[in-house]
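Notes to accompany the following structure.
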Ligand code: DGT
Ligand code: CA
Ligand code: CA
Ligand code: ZN
């Protein structure tokens, strides 16, 4: 699928234009990129089946951008991008991706110090050349260096949000071959880890002839999206896709399907512990099956369930298989009853054109209706978030009226008027209580001033959450995977505070955030907190991110009862109301 390649080009193009000081266009290209990367279907399929008009109807994509997508699908290039890129040194696009640097500063460093690449940049920092420049300092050298480290990590491990649709597309390609009975993705992807080293696909052939296996491997290694074949054997092959994603495929017979899927799902520590249990019970466990050690007879292997059962364990959901107590819990029959996507009844963190979203209130409502939601909250940005087009008090009043007016048009869904309110460095909220009380729901969050001593950060958060109108603390650690480290605060103290006051901690489902992460989810639940899973969608495609948030909550052992947006509308409103009394 070409979605991520095209999105990347639009992000790069936006950066280049921004560095050149071009207005508006960068934001437009970023919106388009955001829309494409959150699409579940490959753009080439949409184009093939429904034509260019279907692209133009997507959020953030007009005629001009749609034409560029068509150009890419047809030629593998976007000429406008190639032209812009030629004006810059070849390593420059990558340099602009460093979060703590950004396009404008990257350009300045190029002009003043002739820095053309990440390698140049790293060297210049080690020689403290930046500290001497106006607008930079020792502190910014440190930040940029940290940004470079994160960027390097990102090249080794991709986001789940990118790997997941790619894996699905690969699996469905494989299933097209008649010689394949079934194909399924395992590994860290099936465990829904936030970052993925490589995609692991297990294939069951229609028969066990060597010729069938070799035909399958020939087919797989010659798929059009494959960039490089690293290894090709009869039962295992490794490839790199054109967009740099690595994938392994293994062929195993049907009678081993369950044990193979179990083995290749991992993680290794979970597997090692299982093998220990198998040995104690007189068995031997491998990807080929569970065998009796004395007779060498296969006792289980066709399904994962029977493998776990023979080992005296309840079935363990893939998300839990990290060797964090799940095997012990399965032995005692004490596994959590994990929350599911279908338990989710609404999305309480959504943006529209009133701040930095791409769609209207009505469009977001209609998208939510399609998902069968009972309620949503529109929560655009507050006044100090200027880059996000935050609303001052006057505009907020109009916005509240607009949300209420739109809400009236739709009988089968409840639409709450909310706002995402910035927490200032001193813990003050961005609106006064007189304004906040007009809203149905208040989200508090941090978008700037990420660096301060731990104690001060903790005070900042607690002061803000102490406001009686706050319902949700959004993306609590503010980390962005492979881009920005989490803020430093006393989590136990904040979690306890939220538990006592009944503030819901958010699991932000955007794949670049997944914040809280799964370890924090577990800690928050243990501290007695309520959680809310939100997409923080900035366009209607992004409502589909809910799935990644649910997976993160599941990895943190969350049950439906821990998640407030599994409650029906009336119960949810009662919950929010309770906060204010
Ligand atoms: P990744 O790709 O780094 O995100 O993480 P995984 O967990 O997908 O790891 P990967 O791709 O190296 O291997 C896939 C699964 O195969 C892994 O989760 C467990 C299983 N596996 C790999 N190597 C071993 C091994 O040496 N022993 C055992 N028991 N299992 C292994
Ligand atoms: Ca893997
Ligand atoms: Ca692998
Ligand atoms: Zn937001």
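In our numbering, the protein residues as written are 41 to 621.
For every residue, glycine included, the Cβ atom is placed at its ideal position computed from N, Cα and C.
Coil, strand or helix - residue i by DSSP
i: residue 205; result: helix
i: residue 326; result: strand
i: residue 581; result: helix
i: residue 462; result: strand
i: residue 52; result: helix
i: residue 11; result: There is no way to answer for residue 11, as the model of the chain reaches only from 41 to 621.
i: residue 471; result: coil
i: residue 409; result: helix
i: residue 150; result: helix
i: residue 18; result: Given that the chain is displayed from residue 41 to residue 621, the structure contains no residue 18 and the question cannot be resolved.
i: residue 430; result: coil
i: residue 482; result: strand
i: residue 388; result: strand
i: residue 454; result: strand
i: residue 555; result: strand
i: residue 571; result: strand
i: residue 402; result: helix
i: residue 141; result: coil
Residue i Cβ short of 8 Å to ligand 1 heavy atom set
i: residue 432; result: no
i: residue 206; result: no
i: residue 307; result: yes
i: residue 312; result: yes
i: residue 331; result: no
i: residue 535; result: no
i: residue 303; result: yes
i: residue 166; result: no
i: residue 393; result: no
heavy atom of ligand 2 below 8 Å from residue i C-beta
i: residue 170; result: no
Identity of the residue in the options nearest residue i by Cα
i: residue 531; options: 511, 292, 510, 498; result: 498
i: residue 512; options: 494, 529, 527, 534; result: 534
i: residue 199; options: 567, 550, 341; result: 550
i: residue 236; options: 248, 141, 197; result: 197
i: residue 77; options: 520, 204, 118, 381; result: 204
i: residue 496; options: 438, 522, 527, 514; result: 527
i: residue 329; options: 87, 94, 303, 396; result: 303
i: residue 118; options: 61, 53, 102, 74; result: 53
i: residue 558; options: 382, 604, 392, 378; result: 378
i: residue 436; options: 416, 488, 457, 448; result: 457
i: residue 221; options: 245, 104, 494, 239; result: 245
i: residue 50; options: 68, 41, 585, 59; result: 68
i: residue 115; options: 290, 508, 42; result: 42
i: residue 257; options: 413, 223, 417; result: 223
i: residue 192; options: 108, 283, 251, 162; result: 162
i: residue 266; options: 251, 276, 283; result: 283
i: residue 386; options: 573, 358, 170, 320; result: 573
Cβ distance (whole Å) where residue i is taken to contact residue j below 8 Å
i: residue 462; j: residue 424; result: 5 Å
i: residue 295; j: residue 333; result: That pair is no contact at about 19 Å.
i: residue 318; j: residue 351; result: 6 Å
i: residue 571; j: residue 544; result: 6 Å
i: residue 484; j: residue 514; result: 7 Å
i: residue 603; j: residue 593; result: 6 Å
i: residue 230; j: residue 335; result: Contact flag wrong, Cβ pair sits at about 32 Å.
Check: residue i C-beta below 8 Å from any heavy atom of ligand 3
i: residue 237; result: yes
i: residue 288; result: yes
i: residue 227; result: yes
i: residue 240; result: yes
Check: residue i C-beta below 8 Å from any heavy atom of ligand 4
i: residue 483; result: yes
i: residue 366; result: no
i: residue 419; result: yes
i: residue 389; result: yes
i: residue 530; result: no
i: residue 457; result: no
i: residue 137; result: no
i: residue 549; result: no
i: residue 283; result: no
i: residue 223; result: no
i: residue 544; result: no
i: residue 120; result: no
i: residue 579; result: no
i: residue 369; result: no
Near ligand 5: residue i beta-carbon under 8 Å from a heavy atom
i: residue 470; result: Absence of ligand 5 is noted for the structure shown, with ligand 1, ligand 2, ligand 3 and ligand 4 being the only ligands found.
In chain order, which alpha helix (DSSP H) runs of at least 4 residues are fully inside the region 55 to 135? 65 to 77, 83 to 90, 92 to 96, 103 to 115, 119 to 126
If we require 4 or more residues per run, which alpha helix (DSSP H) segments fall completely within the region 163 to 245? 178 to 196, 200 to 215, 227 to 230
Those runs of the beta strand (DSSP E) which lie wholly inside the region 323 to 374 and span at least 3 residues: 323 to 326, 329 to 332, 338 to 340
Within the region 492 to 548, ranges of the beta strand (DSSP E) (whole runs, at least 3 residues): 544 to 548
In chain order, what are the residue ranges of uninterrupted beta strand (DSSP E) at least 3 long that sit wholly in the region 260 to 315? 266 to 272, 276 to 281, 286 to 291
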